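Working notes, beginning with the structure itself.
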Amino acid sequence: MKKKILYFILGILGLIFIAFLVLKNGISISSVQFDFLKLEQLYIKMDKKLILRAKNIIINENNLSANSNKNSQNFASKELLKITKNLKYLYTFVEEINVENLVFDKHKVQIYFDGKEFFVDGDLFFLKLDLKREKDELKAQIQKLFVKEYGVNIVGDLNINAKSEFYHLKARADSSFLDFNTTLSFKNGQLSYKIEDMNLKNINLLSKHIKKQTQLPKELELWLFERAKAEFYRLDFLEGFADFSKKEYYLDELKARGFAKNVSVRLDEKMTPITIPNLTINFSKQKLDFDFAKASYNGANLSGSKVYLYDLLDSKKAGIYLLIKSGAVVFDEKLANALKNYDFSLPFYQKSGKTSGSVELKIGFNENVKTFYKGDLTLSNAALSLANFNINSASVQFHNGQLNINANGVSNDFLSANLKANIDLEQKNGVFDTELLRLYYDDYFDMRNQNVKFNLDYKEVVKLYIPAWNANLNFSEGLELTLENLQIFMPYLSVAKSLGLRDIRRLHYKSRNFNDFNVSIDEASFEKRFLINAKEPYTSDSFEIQSLGGNLTLRSKSNLISATFTPALKELHFKNLTYLYEKGESEKSFALETNPYHIKIGGANVGIILLDMNKTLSFERLEASLNKAVLNASASSGKTQISFHKSPERLSLIANDMSDEFLNTFLQKNAFKEGVFNVKAEGSNDEFFEGEFGVKNTYVRDLKGINQLVSFIDTVPSLVMFRAPTFNQKGLHIQDGKVLFNRKKDLLSFTAINLNGDSVDLFGLGSANLRLNSLDLNLELKTLKSASDTISKVPILNYVILGKNQEISTNIKVNGSLDDPKFQTQILADTLKTPFNLIKNVIQLPVNLFN
């Protein structure tokens, strides 16, 4: 057994001796290949130190260790570290290395070492060292280290104490994106490091390289490279210590200081940036402080603000703290949208005005960490995006999900109010206790001094619900309003009073800009002010209203009413409607004298019933123009043509070719049969005017005064022989006639009455007192023509009785009330017994005998 062991040891020693002899004299191998290795033109010699030369050394990548899966940046770093650690052994045991092409893990490297110069050139980096030994220290001058992936060039000195294994590096790095000085000391697994005078030239290029190297938390990456940027960065120093043997990195001891110029800070990429001209950076205990003397946002001074990053090296705790203080900041749309990313969402933003106070935000970079926010703000003369509200003054406090608002002088184009609001920012809902000073729209609606509670919900879109009014408001695209309890609004609708509007079952309003809008009114009910076709009461309808560019249009579902309102003109059109006019009530709802508008009214098959007079005007066509207090109107019905003018200084009425049908409709009785009628009146107003009434070829049948006159004549026995057959059968026939009249306040005077008929001619004058309802007329009834014809056949007697005009006449006195006039006269006695008439006729007899 002992012999076998002895033989084995001797064999091993023999092999070593043979190998030593071979290496001592050198060995050359032209080519050799294994599964994992291929060598070409290899020369190895061991004299005092190792000499290695080769043209190609190719290591099969399939037989590599797990390192083959690492990226090129990590691989380059590890290889440089290996070279540094083994440099002392290389200098001690190697005399020369010259490998023209070393291929491993898809990388190619050229290596050269001659005892003084060490040279490595590969696709990852280029390294050139000048080596020198001084006692126990190996001094390596880094003439050039170029890391190709980054474009970083490093020069410096590396000192290695072979005995104590102490490494010390002092170097300068330059690249297109940064340059710095660094000092590293390493011993027994402990590393101290310091970086000084770093100038960051290109933050975008640096972020690109860092993203390739490591996976940073998304929010941290955004804040470091996107949301906080400067035109110029400088790091005075960064220093720290790590113990790799204990896997302790002492991050709390890491310190740094630097500064930046013209810094822009954004909460998101669309926000207008907070600008900081000069920023000092201090890093200590994982806290990166941004100290500045001056900052601004949209021109507002933020100099009292504060910003820092905390727990920066702990991905679960890292975040940013912002304390924003200002005396005149604007909570604009971009800032409001940016804060939504951090669970701070309000249903409005500020368009103008001032906001003073402070906002405190603590934003975690980990998506599972909630944002902390707190604020105390004061708004003055602020214009908000929500419904174009303006606020005179408001105090706003919020703290972790709760928002309280106390606002005075809240107003827009339709509202004025004071309010107190409590809003849950997490649930996105709230309650507004509102002192409604005024809710109005032009001259149509005006509600004042109401206390109303609004319920707010803005989870998806901004909505308001008003329980007392059963009203829903949606502000997603302007304003959409639905009301289903409009009875409460009726007292405040001026249009309700003028139109007799009683109730609306449902109202829907929609507007994108609060100027242009659409309104649907369903089942509006109103007082009996109109009749359809002069018969059926018009008391309910639905309407569509549109306002566009300051012009408003209205159309009823029944097509009976349509309207167009512009700033200069308001046009209304009616069809198949008759208006019920009542003097007192109608004048209350509309006063012509104080009308400020220009109004045009058109109608087809329309009419007016004068309830106080029981009279009806019916027109096939009506056109009226009311410009302030000046009214011009024209109307027609068949051949009847009417024109009317009324102004503060003048009144005019002309009615031509009125038919019996038109007048009978107006009088609501069959007063006339056949004939043509004309009326003309002119004056200063409806209490001072004069005019005339003309008639041709008509029968008067049912006029109270005429009927009483005829009845009176029928009761006089001496007149029975003079009656005409048509007098009672068709009515009093008037071939032509004219009445001249005038009015002075309550006195209506008839200056001339001249009615010529086939049975009787009627002349007269008189007056009526409209206030006293009294009548005083003096009429002359001429030529009961059948009696005149009889007497005229007796010569001489005919002239003595009838006179030269061959007429019988009598005077009739009419007085009493307008409703019940009284008649007094004696027809034949007036002719025969009047001495004046007889004497006059006898005197004139000789002359007339010859005629």
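Quick note: the sequence shown, position 215, residue 215 per this note's numbering, numbers continuous.
Heads up, the beta-carbon is just placed ideally off N, CA and C, and yes, glycines get one too.
Note that the coordinates shown come from a computational prediction; the quantities given were computed from them, not determined experimentally.
(request) Give the DSSP-derived three-state secondary structure of D612 in the structure shown. (result) Correct three-state label for D612: coil.
(request) Reducing DSSP to helix, strand and coil, say where V495 ends up. (result) Judged by DSSP in its simplified three-state form, V495 adopts helix.
(message) Give me the residue from P596, G409, S759, L592 with the minimum Cα distance to D852.
(response) For residue 852 there is no data in the structure shown, the boundaries of the chain being 1 and 851.
(request) Confirm, please, whether the CB-CB distance from L425 to G401 is below 8 Å. (result) G401 is a Cβ neighbour of L425, given a cutoff of 8 Å.
(request) Taking T665 as part of the alpha helix (DSSP H), name the residues at either end of that continuous run. (result) Here the alpha helix (DSSP H) through T665 covers 660–667.
(message) Suppose only complete runs of 4+ residues qualify. What are the alpha helix (DSSP H) ranges in the stretch 188–232, listed by chain order?
(response) Secondary structure remark: continuous alpha helix (DSSP H) runs of at least 4 residues inside the stretch 188–232, in chain order: 203–213, 218–222.
(message) If we require 4 or more residues per run, which alpha helix (DSSP H) segments fall completely within the stretch 308–375?
(response) Runs of the alpha helix (DSSP H) inside the stretch 308–375: 333–340.
(message) What does the alpha-carbon distance come out to for the pair L748 and S684?
(response) Each residue's Cα considered, the two are about 15 Å apart.
(message) Only counting the same chain, and skipping five residues up and downstream in sequence, which positions put a Cβ closer than 8 Å to that of L64?
(response) Annotation note: pLDDT 47 at L64 (below 50); position unreliable, no value reported.
(request) Could you tell me if I423 is buried or exposed, where buried requires 16 or more neighbouring beta carbons within 10 angstroms of its beta carbon? (result) Flag for I423 reads buried.
(request) Go through the stretch 122–152 residue by residue and report every complete run of the beta strand (DSSP E) that reaches 3 residues or more, in order. (result) With a minimum length of 3 residues, the continuous beta strand (DSSP E) runs that stay inside the stretch 122–152 are 125–134, 137–147.
(request) Can you give me the start and stop residues for the beta strand (DSSP E) that P537 sits inside? (result) In the DSSP annotation of this structure, the continuous segment of the beta strand (DSSP E) that includes P537 starts and ends at 536–548.
(request) Express the C-alpha separation of N188 and K163 in angstroms, rounding to a whole number. (result) As the crow flies, the alpha-carbon of K163 is around 12 Å from that of N188.
(request) Within its chain, find whatever has a CB closer than 6 Å to the CB of L755; leave out the 5 residues flanking it on each side and keep chain order. (result) Once the five neighbours on either side are set aside, the close Cβ partners of L755 are I734, G737, L762.
(request) Give me the Cα-Cα distance between K351 and S385, rounded to the nearest whole angstrom. (result) Distance between the alpha carbons of K351 and S385 is about 6 Å.
(request) May I have a chain-ordered list of the alpha helix (DSSP H) segments no shorter than 4 residues that lie completely inside the stretch 470–517? (result) Whole alpha helix (DSSP H) segments, 4+ residues: 494–499.
(message) Looking at the secondary structure, which residues open and close the beta strand (DSSP E) in which N56 lies?
(response) Taken as a continuous stretch (DSSP letters only), the beta strand (DSSP E) holding N56 covers 50–59.
(message) Taking 7 Å as the limit between beta carbons, can you name the residues of its chain near Y492, skipping five residues before and five after?
(response) Excluding residues within five positions, the ones whose Cβ falls inside 7 Å are F445, D446, M447.
(request) Tell me whether E253 sits in a helix, a strand or coil according to DSSP, three-state version. (result) Look at E253 here: in three-state DSSP terms it is helix.
(request) Out of K135, I154, E149, L102, state which residue places its alpha-carbon closest to the alpha-carbon of I142. (result) Among K135, I154, E149, L102, the Cα nearest to that of I142 belongs to I154.
(message) Please tell me whether G430 has its Cβ less than 8 Å away from any Cβ of chain D.
(response) Judged by its chain identifiers, the structure shown contains no chain D, having just a single protein chain.
(request) Would you list the one or two residues that DSSP bridges to E687? (result) None, per the DSSP bridge assignment.
(request) Tell me M46's beta-bridge partners as DSSP assigns them. (result) Residue pairing from DSSP places M46 in a beta bridge opposite L50.
(request) Could you tell me the distance, in whole angstroms, from the CA atom of A671 to the CA atom of D702? (result) Cα to Cα, the separation comes out at about 4 Å.
(message) Using the three-state DSSP reduction, which class does F93 fall into: helix, strand or coil?
(response) Three-state DSSP puts F93 in a helix.
(request) Return the bridge partner residues of P821 from the DSSP annotation. (result) Answer is G816.
(request) Counting only runs of 3+ residues fully inside the stretch 731–761, write out the beta strand (DSSP E) ranges in chain order. (result) Complete beta strand (DSSP E) runs here, min 3: 732–744, 747–756.
(message) Just list the residues that DSSP pairs Q402 with in beta bridges.
(response) According to DSSP, Q402 bridges with H399, D424.
(message) Looking at the secondary structure, which residues open and close the beta strand (DSSP E) in which D114 lies?
(response) Neither: D114 is in no beta strand (DSSP E) and is coded neither H nor E.
(request) Pick helix, strand or coil for K628, following the three-state DSSP scheme. (result) DSSP places K628 in coil when its eight states are reduced to three.
(message) Assuming T640 is part of the beta strand (DSSP E), what are its boundary residues?
(response) 640–646 is the span of the beta strand (DSSP E), which, as asked, contains T640.
(message) Looking at the secondary structure, which residues open and close the beta strand (DSSP E) in which L267 lies?
(response) No beta strand (DSSP E) contains L267, which DSSP labels as neither H nor E.
(request) Please report how far the alpha carbon of L50 lies from the alpha carbon of V109, in whole angstroms. (result) When only Cα atoms are considered, L50 and V109 end up about 20 Å apart.
(request) Sort out for me which residues DSSP pairs I599 with in a bridge. (result) Per DSSP, K570, L626.
(message) What does the alpha-carbon distance come out to for the pair L254 and L288?
(response) Per the coordinates, the alpha-carbon of L254 lies some 11 Å from the alpha-carbon of L288.
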